[in-house]
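Respectively, the protein sequence lines represent chains S and Y. Here the first sequence stands for residues 22 to 174, where the numbers follow the working numbering. Here the second sequence stands for residues 1243 to 1345, where the numbers follow the working numbering.
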Amino acid sequence: MKRRTFMKGAMTAGTVGIALSAGLLTPSAVLAAWPKSAFDAKSVKDALGDLGMSKGTKSSNIKIKAPDIAENGAVVPVTVTAKMSGVESIALLVVKNPSPLTSSYVMGPNTLGKISTRIKMGKTSAVMAVVKAGGKTYTTSKDVKVTIGGCGG
Amino acid sequence: MASIKIRAKLRGGKVQVKTLMAHPMETGNRKNKKTGKKYPAHYIQEVTAEHNGNNVLTANWGPAISKNPYLAFDFKGGKKGDTIKISWADNKGKKDSREAKIR
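Encoded structure:
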């Protein structure tokens, strides 16, 4: 229990501090751990910086499972699988979305490096997964073509 | 309010958790065609998963997660009958949580 609160605190102290000092957080909607500045960031680099991550090194140990062509950009199923051990967190980004960061995940000690969800994509873009494991950052990306209102690709 | 569905299954030594939440996940950029006004942003910001009271996953979400969100993950060390609790909180301060047993 103690460890958990500590880790949460340590992870978010930085980003929340910045957001607070900039007067960005409205008290009614403050969640202690939610990194608002990272979600507002307009570039991949800023979003990762606000999460305390860097782009890291390319790794073939991360797999992104997503359709090559997504007919509906509002619902794109994505699965990220990181094979390395000791995965601490995963960030999932869509490079060309207005705000690239879609979501970030903090793993517990027994949680495996695998996340499935469904994301929105504004247009054809690379989907990027950034994985933090053992204090290092790894990344991989996959291009997903989005056809809006089309009948197949 | 039953806005959360959970399936937790023990398979091959790991627990596979799948969950579906009912939520509009409004980005704040979508316009009402009649009035031209934007629908205000309304989306889940934080999802937490607990196994017998211990945190196994914290997800921070932005508005780019699809409507009626789906989330699946695996963890080790769970047994049949253990409790999985999923909770979410959105940007308007609404919250919900639900418990399920590992099968």
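Every residue, glycine too, gets a C-beta built ideally from N, C-alpha and C.
The Cβ atoms of M142/S and V167/S lie closer than 7 Å to each other. The criterion of a C-beta distance shorter than 7 Å is not satisfied by S137/S and I1307/Y. The segment 95 to 158 of chain S is shown to contain whole beta strand (DSSP E) runs of 3 or more residues at 97 to 103, 108 to 115, 122 to 128, 132 to 140 and 146 to 154, in chain order. Among the bridge pairs identified by DSSP, W1330/Y is matched with V1289/Y and D1338/Y. Minimum Cα-Cα distance from D1324/Y among the listed residues V1257/Y, S1245/Y, I1246/Y and K1247/Y corresponds to V1257/Y. With contacts defined as CB atoms closer than 7 Å, K1327/Y and E1292/Y qualify as a contacting pair. Under the DSSP assignment, L1262/Y falls in the beta strand (DSSP E) whose first and last residues are K1256 to M1263. Chain-ordered, the chain S residues with CB closer than 8 Å to the CB of L1313/Y read I136, S137 and T138. In the structure shown, the three-state DSSP call for L69/S is helix.
Under the Cβ distance rule, E1288/Y counts among the residues neighbouring chain S, one pair being separated by less than 7 Å. A Cβ-Cβ separation of about 12 Å leaves K1318/Y out of contact with I1344/Y under the 8 Å criterion. Residue burial is scored here from C-beta neighbours: D89/S has fewer than 16 other C-beta atoms within 10 angstroms and is therefore classed as exposed.
Under a 10 Å Cβ-count criterion, E109/S is classified as buried, with 16 or more other Cβ atoms of the shown protein chains found around its own Cβ.
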